[in-house]
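Residue 1 is where the sequence shown starts when you use full-length UniProt numbering, and the numbers rise one by one after that. Following: one structure in structure tokens, then a few remarks.
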Amino acid sequence: MKIIKRNANQVDFDVNKIKIAINKAFISVGMEEDKDKIQKMANKVKQKCEISFPKDHTISVEEVQDLVEITLIEFGYYEVVKSYILYRASHHTLRKTIEDFMEYFEQNENEDLFKLMKNIQKDFKQDAYNLSFLLAKFTSFVKENMNNDEKISTLIKAASELTSKEAPKWEFIAARFLSLKINTIITNETNKLEIFNFYDKIKYLTQNKLYGKYILENYNKEEIEELEKYIDSSRDNLFNYSGLDLLSKRYLIKNKDGKLIETAQEMFMGIAMHLAIPEKDKKVIWAKKIYDILSTLKVTMATPTMANARKPHHQLSSCFIDTVPDSLDGIYRSITNFAQVSKHGGGMGLYFGKVRAMGSDIRGYKGVAGGVARWIKLANDTAVAVDQLGVRQGACAVYLDIWHKDILEFLQLKTNNGDDRMKAHDIFTGICVPNYFWEMAKDKINDNWYMMDPHEISLVMGYNLEDYFGDEWLKKYKECINEPKIDKRVVSIKDLVRLIIKSAVETGTPFIFNRDIVNKYNTNPHQGNIYCSNLCTEIAQNMNAMEKVDSEIKMIDGEEVVVETIKSGDFVVCNLASLVLGNIEVNDLAELEDVISTVVRALDNVIDLNYYPIPYAKITNSKYRAIGLGTSGYHHTLVKNDIAFQSKAHLDFADKLYENINYFAIKASNQIAKEKGHYCFFEGSDWESGEYFEKRNYTSDRWQKLKSDVKKYGIRNGYLMAIAPTGSTSIIAGTTAAVDPVMKRYFLEEKKGEIVPRVAPALTPKTFWLYENAHDIDQNWVIKAAGIRQRHIDQSQSVNLYITTQYTMSRILKLYIKAYEEEVKTLYYVRSKALEVEDCDSCSA
């Protein structure tokens, strides 16, 4: 007996297919039936086929399905037959829809497209994702004379624009069409180049200087073939449209003609292979583990790492911080360092607290110094002139102590009032604030605040006030106030607060750096102080200005050359990655530990693999081996766990989660130290003494055991955790940014004239109400949560405040004071509804 299929092909009748169809019908209504009963019904259908039609009649698929319905009714399964009828109807609609699409797309050219449509309807069964909606939207956009590529692009646009609060998964459907388009482009390009496997592609990319030669130097053909087999292209389905679109435009490798030649999964594997190189004989094992956490979007590496790993110019670090010394050559050296960092895509923090104030003396000539503003203007112009790899202008944050004599002008660098010649609109300002200032602002806001010149203090008092913190700083500050030889600039604390808040509301800055709190919890106090943070306020590491030691003339190759000897100081550099909490089962401690142990090892390897734009960064990074493990998807994971942002459950959850993250991070670094040795300055650190654990009140058995292991074997990384903003990488992972609440559950984003609907991750009628918009949240909850997390983070976190026009100066000041009281180390932007501020992609992790 023959069956004629819908494509007109004839095949032998197969009773097993009848059994499968009947079984699926039972499953669809939550029923189970024994195999014998199903076999009996299938045989009945076969019998009906044999006796119900003339011998010369070829039975169609539809006729067999009709007989299945009749048989189910005869056996009394009315609910099952109803489900089966609906199933047939939906498949008929799908077939009809695809047939209608075939009017616009040549079938021979687009077999993969039609196959994808069938899989989409299979995976997205809800009525809201019926492809008939896509057809209607597509036909409203499509125009005559469009070529096939233009029609595919129109299809992607149509799917993307169907995304809504009620049907959020269209952004994943749009991503599948985009993935098909990308992979088709890549296949066509590689076919032209006769590249048919991963090994040949790496050879091609290496020959064309798009891959670093170190990949082929460290992996042989067999290893690459093994890793190619491990690549899982189905993980492309994890992307939403915005994430895959961003990835394809900014991260995937293009050839010299601008054509995409690297798939998303090849990118993840290329990064993993690079970061696993230091594991030597185990590099293939670790490459697979790193690939797994990246390709399943459980971890995102920092933007420079994602963009540059596997490439010839592999600058992998995000953040750099320099201490600007109070000398002409030192200032220009810091500006030059910033230019080099910016050239290679890094973001910069510059501490100007040591630079003498306006009106200070120079070589004994009083009143001639121009102050910090003119040098900051130079940094501003450098940021504009030296862009980040041609993609965007350089990014730099400048920090100044709140007691510095130039602080009033500093706070007006970005505002719209005052002398425009003294403006620096393209940099970001940050102020370094001692606890004493917040105490005075809380209890004695009408008292005076004294601002002084650090150079004059050094001359008169014989010490540098900025080198102290806490009680010692306060003692010396009051000594300086009472010293008549030191000139003071006096303003009421209320007026100074007003300037700070005016700038914050108008420009989003200054960032706040709570210097006493930062230094209180410094894990390496035996090696120095932390003066400021970086561009995104999450890095807090020892800083020390470079110092020119000598300059001498030498003969090299028969020529006289000038050789400068420079003491490197501590030029901070940090390597970042983020756990995507919303994509990890955070309550599964085995999974959490596995992901963290893998990413900590990857980050540690970055230190040895990195191309450093300046040698001072390499020296500092080698001494401290600092990394910055952060998180994104914070609001995502709260909602996933049915927790409202404004709730005690949120604080309890955050406390437990970040303690676990910290525990597993320290444990992973300790394990690497057992294998490879601890960082240089471990002896004398809070890690070795146990002060780290005592300051954070880690007293449980597991912490005591880990404390003992750290003391015995050391720790690989002097600094471990830092939560960056994750502006772009959270989009790629389809999650919420960093530790921020969502700005909006649903919004429209404009991209080059195209409107792209965006929704909060995993949006459903239930989660819709759990996702509280950032500006609707009482910001005290933001501060409380930041304080809870801060105990478990040895560095800092990018914490934004979201305000509306209802916020008064007093209300904002109370938030600043609460942050100090909760021991929050830093505050990032103040984001007013009327103000648009942009995160730095350099620090996006």
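Beta carbons: idealized from backbone N, C-alpha and C, even for Gly. Quick caveat, the model's predicted, so the values are computed rather than measured.
Member of the options whose CA lies at the smallest distance from the CA of residue i
| i | options | result |
| --- | --- | --- |
| THR263 | ILE277, THR300, THR184, CYS480 | THR184 |
| ASP701 | TYR663, THR206, ASN16, LYS298 | TYR663 |
| TYR713 | SER669, ALA722, MET721 | SER669 |
| LYS751 | GLY212, LEU246, VAL562 | LEU246 |
| ILE627 | LEU579, ASN130, ALA722 | ALA722 |
| residue 847 | TYR616, ASN610, GLY430, PHE645 | Any property of residue 847 remains undetermined from this structure, which presents the chain solely from 1 to 845. |
| ALA590 | ILE215, ASN660, ASP652, VAL580 | ASN660 |
| ILE431 | LEU400, PHE437, LEU178 | LEU400 |
| ASP406 | GLU749, ILE182, ALA373 | ALA373 |
| LYS44 | SER28, LYS19, ASP34 | LYS19 |
| GLU33 | VAL80, LEU413, ILE51 | VAL80 |
| PRO484 | GLU144, ILE457, VAL497, ALA644 | ILE457 |
| HIS526 | LEU205, GLU99, GLN541 | GLN541 |
| residue 847 | ASP56, LYS444, ASP66, LYS35 | Nothing can be reported for residue 847: it is not among the residues displayed for the chain, which extend from 1 to 845. |
| ASN446 | GLN797, ASN108, SER492, ASN237 | SER492 |
| TRP438 | SER28, GLU823, LYS35, ARG831 | GLU823 |
| residue 847 | LEU116, GLY30, MET31, LYS48 | Residue 847 lies beyond the residue range present for the chain, which begins at 1 and ends at 845; the question has no answer from this structure. |
Inter-residue Cα distance where the pair is residue i and residue j
| i | j | result |
| --- | --- | --- |
| PRO325 | ASP387 | 24 Å |
| GLY270 | MET348 | 27 Å |
| ALA737 | LYS165 | 19 Å |
| ALA167 | VAL64 | 35 Å |
| VAL61 | THR97 | 19 Å |
| ALA395 | SER342 | 7 Å |
| ARG601 | LEU706 | 18 Å |
| LYS475 | PHE338 | 35 Å |
| LYS201 | GLU279 | 24 Å |
| ARG696 | PHE196 | 55 Å |
| residue 856 | ILE335 | The displayed coordinates of the chain run from 1 to 845. Any statement about residue 856 would go beyond what the structure contains. |
| LYS122 | GLU161 | 21 Å |
| ILE173 | GLY727 | 23 Å |
| ILE224 | LEU216 | 9 Å |
| LYS674 | ALA309 | 27 Å |
| ALA369 | LEU413 | 18 Å |
| GLU150 | ILE293 | 35 Å |
8 Å Cβ cutoff, residue i in contact with chain D
| i | result |
| --- | --- |
| SER334 | Structure shown: chain D not included; a single protein chain is present. |
CB-CB length for residue i against residue j, believed under 8 Å
| i | j | result |
| --- | --- | --- |
| ALA545 | THR382 | Rounded, the Cβ-Cβ distance is 18 Å, inconsistent with contact. |
| PHE75 | MET41 | 6 Å |
| CYS319 | ASN534 | 4 Å |
| SER551 | GLY630 | Not confirmed; about 41 Å, so no contact. |
| GLN340 | ILE539 | The Cβ separation is near 18 Å, so there is no contact. |
| VAL580 | THR300 | 6 Å |
| LYS2 | THR58 | 5 Å |
| ASP487 | ARG356 | So it is not a contact: roughly 12 Å between Cβ atoms. |
| ASP570 | GLY528 | 6 Å |
| residue 847 | HIS635 | Here the chain comprises residues numbered 1 to 845, so residue 847 is not present and cannot be evaluated. |
| GLY633 | THR735 | 4 Å |
| LYS442 | ILE817 | 5 Å |
| ASN583 | LYS298 | 5 Å |
Three-state secondary structure assigned by DSSP to residue i
| i | result |
| --- | --- |
| SER798 | coil |
| LEU576 | strand |
| ALA397 | strand |
| GLY558 | coil |
| LEU178 | helix |
| SER327 | coil |
| MET440 | helix |
| TRP449 | strand |
| TYR477 | helix |
| ASN662 | helix |
| ILE723 | strand |
Sequence-distant residues of the same chain with beta carbon closer than 7 Å to residue i, five excluded per side
| i | result |
| --- | --- |
| ARG625 | ASP604, ILE607, TYR679, ARG716, ASN717, GLY718 |
| ARG235 | GLN265, SER295, THR296 |
| LEU378 | ILE335 |
| residue 846 | A question about residue 846 goes unanswered here, because the residues of the chain that appear run from 1 up to 845. |
| THR565 | VAL549, ASP550 |
Same chain, Cβ closer than 6 Å to residue i, five either side skipped, listed in chain order
| i | result |
| --- | --- |
| GLN126 | none |
| GLY367 | GLY359 |
| GLY470 | ASP516 |
| TYR658 | ARG789, HIS792 |
Beta-carbon contacts of residue i that lie in its chain and below 8 Å, excluding the five residues immediately before and after
| i | result |
| --- | --- |
| MET809 | VAL497, ARG498, ILE501 |
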